[in-house]
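See structure below.
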Amino acid sequence: MTAPRVRFAPSPTGYLHVGGARTALFNWLYARHTGGTHVLRIEDTDRERSTEEHTRIILDGLRWLGITWDEGPYFQGEYAARHRADAERLLAERKAYRCFCTREELELQRTQAEAAGIGFRYDRRCLKLASEEIVRRRDSGAPFTIRFIMDDQEIAWDDAVHGRISFQGRDLDDFVILRSDNTAIYNLAVVSDDIAMRISHVMRGDDHISNTPKQIALYRALGQRPPVFAHVPMILGSDGKKLSKRHGATAVGDYQEQGILPAAMRNFLALLGWSPGGDREILAEDEMIQLFTLEGIQKKSAVFDTTKLEWMNGQYLSALPVEELVEPVRRQLIRLGVDDDRDLRPLIESVKARSRTILHVADQVAVRLDPARATLDSKGEALIRKMGPAFGRNLGLAAAALAELEDKDWQPDQLVETLRRVAESQQAKLGDIMQPVRVALTGSTVSEPVNELLAVVGRERSLQRLSEMARRNGGVSVA
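Number 58 in our numbering belongs to position 57 of the sequence shown; there are no gaps in the numbering.
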């Protein structure tokens with residue numbers, strides 16, 4: 002058997018939506034699993050809305066996700082002559098006809114159908130025109146479209162996801178395949194291209210199911226066997242409605258900007274509507290390729306859970322060598338206005354295990370580099386209120402004891418021992434000393450262990466912050 006040929010065919014009229022990215026991923030996984038070919042085709046026939054910038058954004062998004070292609074990118078607009086030739090062939094074989102109806106006439110037919118309480122279906126008046134009248138109108142320069150003749154017979158196929166799907170031809174319109182400006186309508190263009198590119202499997206969103214009977218009819222009329230269709234359920238938002246901007250970010254590029262790792266995004270998208278079996282959630286690329294099958298695609302729509310995406314990203318982030326995070330974090334720091342030439346590796350290492358995104362890592366590193374960013378959060382404010390005067394007093398005592406350590410002794414073991422001695426001298430709990438230190442350095446009660454936090458912030462910066470926070474809260478400053 003010939004290896005499968007699949008295609009991802011985005012329209013360059015906007016950004017790369019996460020739904021489109023998942024479609025691309027499923028096609029890529031299937032091609033890699035079967036040893037097939039993954040074709041990239043840019044469907045740029047919408048001249049008014051298609052732009053080179055959108056094409057670049059789509060290609061960049063695919064590359065970021067690690068979704069490669071074996072052929073292309075092809076551009077649908079380059080095949081307009083073939084599209085016209087296929088339409089003219091259908092016309093010559095009396096499988097299509099010229100329609101001279103104006104937009105106003107068609108609108109009147111539609112209005113009359115609505116008034117009669119019936120669905121609009123073109124009444125085929127131009128199919129009934131005498132050949133002499135057709136020639137007269139054509140030769141006089143009257144504009145026309147070309148309509149495909151839909152038979153009344155049943156059109157059915159065995160969808161690889163949904164099983165058998167059936168439409169009745171009598172319920173479908175004689176649809177336009179070529180506009181009056183000689184450009185092809187989507188249904189003809191996509192069939193013409195898929196035939197020419199020998200596409201064997203068409204995997205796409207199930208919003209295309211209504212197009213499929215028309216395309217199958219075109220395949221048959223052009224003497225070709227239709228491909229295997231696999232219609233993937235839509236991605237929904239948390240409210241159960243189709244995912245859109247009202248649910249938050251929907252563009253792949255947005256998640257890249259938010260610090261999601263490409264491997265995590267790829268893993269997350271793969272599990273939106275596909276199950277590898279069992280309860281496995283973290284899958285390496287080679288595992289996804291090995292396990293992916295059309296049978297594993299689920300019929301039920303998947304919900305885009307941002308919280309789960311961030312959790313999954315955190316798993317990948319924790320496992321990533323710190324060296325691979327230095328440059329991405331530094332870029333984010335520069336965007337935040339923090340330009341520091343310090344070695345970022347120890348700072349990144351101290352926070353990455355509790356981070357969900359690269360942006361979150363950068364935010365925490367920025368706090369450890371720049372005192373102005375250590376703003377109090379609700380937990381920090383609550384601790385200050387709870388401890389009252391003891392907060393500033395304990396912080397001042399901690400600062401005074403830590404100030405006695407020299408640079409060479411500013412190490413985690415010596416730091417924790419120093420804070421333990423302060424707690425013992427005050428007959429206080431160790432947490433009542435450490436938590437004020439943590440809040441002074443980060444603005445929050447949550448961080449890495451306080452001795453490690455002090456070590457990565459450094460002696461000078463730490464003492465400066467502890468003294469300033471102690472002074473503001475009635476404690477004694479060592480500065």
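Glycine residues also receive a C-beta, built at the ideal position from the N, C-alpha and C atoms.
Indicate whether residue i and residue j have their beta-carbon atoms separated by less than 8 angstroms.
i, j, result
"Y31", "M204", "yes"
"F149", "L91", "yes"
"L273", "I298", "no"
"A471", "G397", "yes"
"A209", "P228", "One detail in the question is off: residue 209 reads as His in this sequence, not Ala. Against a cut-off of 8 angstroms, the Cβ pair of P228 and H209 comes out as no contact."
"E325", "R357", "no"
"Y317", "A363", "no"
"P214", "F168", "yes"
"P13", "H39", "no"
"L321", "R331", "no"
"G381", "G476", "no"
Expressed to the nearest angstrom, what Euclidean distance is found between the alpha-carbon atoms of residue i and residue j?
i, j, result
"V368", "P329", "17 angstroms"
"A354", "G120", "59 angstroms"
"A303", "A285", "21 angstroms"
"P74", "S276", "29 angstroms"
"S46", "Q77", "A small fix is needed here, since residue 46 is Thr in this sequence, not Ser. Computed Cα separation, rounded: 6 angstroms."
"K301", "A252", "22 angstroms"
"E407", "N395", "21 angstroms"
"D194", "E258", "34 angstroms"
"L360", "A231", "37 angstroms"
"H18", "G67", "16 angstroms"
"E44", "N183", "17 angstroms"
"H151", "V136", "Residue identity differs from the one stated: residue 151 is Met in this sequence, not His. Cα-Cα distance, rounded: 23 angstroms."
"I200", "T24", "15 angstroms"
"G142", "Q110", "24 angstroms"
"F305", "E72", "30 angstroms"
"L41", "F27", "13 angstroms"
"Q154", "D255", "46 angstroms"
"R439", "G164", "58 angstroms"
"R48", "S319", "45 angstroms"
"V7", "A197", "13 angstroms"
"T294", "A81", "34 angstroms"
"D174", "D61", "39 angstroms"
"W70", "V366", "37 angstroms"
"F9", "I178", "22 angstroms"
"Q415", "L431", "15 angstroms"
"T103", "E296", "46 angstroms"
"D87", "A218", "14 angstroms"
"W65", "G118", "51 angstroms"
Could you please give me the residues that DSSP links to residue i through a beta bridge?
i, result
"Q169", "E155"
"C100", "T146"
"D160", "G164"
"W275", "I298"
"V233", "G206"
"T38", "R6"
"V304", "L237"
"H18", "A252"
"K243", "L237"
"I385", "According to DSSP, which records beta bridges pairwise, I385 is partnered with nothing at all."
What are the boundary residues of the alpha helix (DSSP H) that includes residue i?
i, result
"F269", "263–271"
"E288", "286–292"
"I283", "Note, I283: premise wrong, no alpha helix (DSSP H); not H, not E."
"A404", "390–404"
"T358", "Looking at the DSSP string, T358 is not in any alpha helix (DSSP H), and its letter there is neither H nor E."
"R422", "413–426"
"I58", "53–66"
"M435", "431–443"
"N452", "451–458"
"S351", "346–352"
"V327", "327–336"
"L92", "81–93"
"S132", "132–140"
"Q259", "First-last for Q259: undefined, no H or E at that position."
"A218", "213–222"
Give every residue of the same chain whose Cβ lies closer than 8 angstroms to the Cβ of residue i, excluding the five residues on either side of it in the sequence, and list them in chain order.
i, result
"T35", "A4, P5"
"R466", "P372, A375, A441, L442, V458"
"R139", "R99, F145"
"R221", "P227"
"V323", "R346, I349, E350, K353"
Could you tell me the boundaries of the beta strand (DSSP E) in which residue i lies?
i, result
"A185", "Looking at the DSSP string, A185 is not in any beta strand (DSSP E), and its letter there is neither H nor E."
"P74", "72–76"
"G206", "202–206"
"I178", "177–179"
Could you name the residues of the same chain whose beta carbon sits closer than 7 angstroms to that of residue i, not counting the 5 residues immediately before and after it, in chain order?
i, result
"G315", "S356, R357"
"H84", "A185, L189, A190, S193"
Looking only at its chain, what residues have a beta carbon closer than 6 angstroms to the beta carbon of residue i, apart from the 5 residues adjacent to it on each side?
i, result
"Q216", "N188, V192"
"A161", "V229, A231, L295"
"D341", "L370"
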